[in-house]
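What follows is a set of notes on a single structure, which appears directly below.
2 protein chains.
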Amino acid sequence: MKLTELKAIKLAELFSALSDASRVRLISLLMEGEMSVSTLAEELKMTESAVSHQLRGLRQMHLVRARKSGRKVFYSLDDDHVSRLVSLGLDHVQHG
Amino acid sequence: MKLTELKAIKLAELFSALSDASRVRLISLLMEGEMSVSTLAEELKMTESAVSHQLRGLRQMHLVRARKSGRKVFYSLDDDHVSRLVSLGLDHVQHG
DNA sequence: TGAATATATGAGCAAGTATTCATATATTAC
DNA sequence: GTAATATATGAATACTTGCTCATATATTCA
Numbered sequence: 101m102k103l104t105e106l107k108a109i110k111l112a113e114l115f116s117a118l119s120d121a122s123r124v125r126l127i128s129l130l131m132e133g134e135m136s137v138s139t140l141a142e143e144l145k146m147t148e149s150a151v152s153h154q155l156r157g158l159r160q161m162h163l164v165r166a167r168k169s170g171r172k173v174f175y176s177l178d179d180d181h182v183s184r185l186v187s188l189g190l191d192h193v194q195h196g
Numbered sequence: 101m102k103l104t105e106l107k108a109i110k111l112a113e114l115f116s117a118l119s120d121a122s123r124v125r126l127i128s129l130l131m132e133g134e135m136s137v138s139t140l141a142e143e144l145k146m147t148e149s150a151v152s153h154q155l156r157g158l159r160q161m162h163l164v165r166a167r168k169s170g171r172k173v174f175y176s177l178d179d180d181h182v183s184r185l186v187s188l189g190l191d192h193v194q195h196g
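For the record, the sequence lines run as chains A and B.
Take the position in the first sequence, starting the count at 1, then add 100; the result is the number in the numbering used here.
Take the position in the second sequence, starting the count at 1, then add 100; the result is the number in the numbering used here.
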């Protein structure tokens, strides 16, 4: 498969979203359903600031979506491609 | 899906292998069949040193395999999970 | 043997990234 | 209005990473 440079860059950006353990755990939590920033922070034992920074990047890549309710913001996966990538990646990791 | 920290790290390492445009193009070339370091370098317009450094990382992750023949070394994909990840990623990139 | 070719590798550096801390914005309750 | 809560964001910093350059190893050929 011969890729154009542009597609290679886009692909690399997509995989970069999953190239950090915090983000992988964040996304795997969202695979169970939507969750607020504070809940995510608590589950991941990260500061809310750090979580918010990560979510910003994922939002800009349209991998997660935000829904505001009161003063909370609930995040969910914007696309099922991501969870399919995570599942496929797990296949490799588990019996690779 | 709740991941252990270890699995999250392993997953992130796997996706990190695809988080760079040079490596994505490298892997996409290997999806067509085995190729020597010098051929890869020429196709990608990278120095052989840079390609060799990248291949080293991919080798250590068991994503590519090396076969020595004379003074050339031919690399190929060690696992079809990787190409499946690239294909799935392309789905997202193309009509995301 | 020595020269040429193909690849590998360590050091060093520039660019990128994940986090923390301080601060800003927005919403709710009083 | 003020205080408290939830999230967002910019700056600074420590860490990581991809490359280049120089050098090492391995193989072929004369």
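C-beta: ideal position from N, C-alpha, C; glycine also.
How would you label residue 189 of chain B, buried or exposed, when you count the other beta carbons within 10 angstroms and need 16 or more for buried?
buried
Q.
Run through chain A and tell me which residues come within less than 7 Å of residue 135 of chain B, C-beta to C-beta.
A. Correct list: empty, because the minimum Cβ distance to chain A is about 12 Å.
Check your understanding: With a cut-off of 8 Å, do at least 3 Cβ pairs link the segment 129 to 148 of chain B to the segment 136 to 145 of chain A?
Key -> no
Can you check whether the CB of residue 182 of chain B is closer than 9 Å to the CB of residue 155 of chain B? no
Notebook entry, point to check: chain A beta carbons: is any one of them nearer than 9 Å to that of residue 112 of chain B?
Noted result: yes
(request) Can you tell me which of the three DSSP states residue 136 of chain B falls into? (result) strand
Straight-line gap, residue 193 of chain B to residue 138 of chain B (C-alpha atoms, nearest Å): 29 Å
| said: Which residue marks the beginning of the beta strand (DSSP E) containing residue 163 of chain B, and which one marks its end? | reply: Counting along the chain, residue 163 of chain B falls outside any beta strand (DSSP E), and DSSP gives it neither H nor E.
**Asked** Of the residues that make up the segment 167 to 193 of chain A, which ones have a beta carbon closer than 9 Å to any beta carbon in chain B?
**Response** 179, 181, 182, 183, 184, 185, 186, 187, 188, 189, 190, 191, 192, 193
Give the secondary structure of residue 199 of chain B by DSSP, where H, G and I count as helix, E and B as strand, and everything else as coil. Residue 199 of chain B cannot be examined here, being either before or after the span of chain B that is shown, 101 to 196.
- Taking 9 Å as the CB-CB limit, is residue 103 of chain B close to chain A? yes
**Asked** Mind listing which residues of the segment 132 to 156 of chain A have their C-beta closer than 7 Å to chain B's C-betas, in chain order?
**Response** 132
- Name the chain B residues whose beta carbon is nearer than 9 Å to that of residue 118 of chain A? 111, 112, 114, 115, 116, 118, 119
Where residue 187 of chain A sits in the DSSP three-state scheme:
helix
Are residue 117 of chain A and residue 111 of chain B touching if we call contact CB-CB under 9 Å?
no
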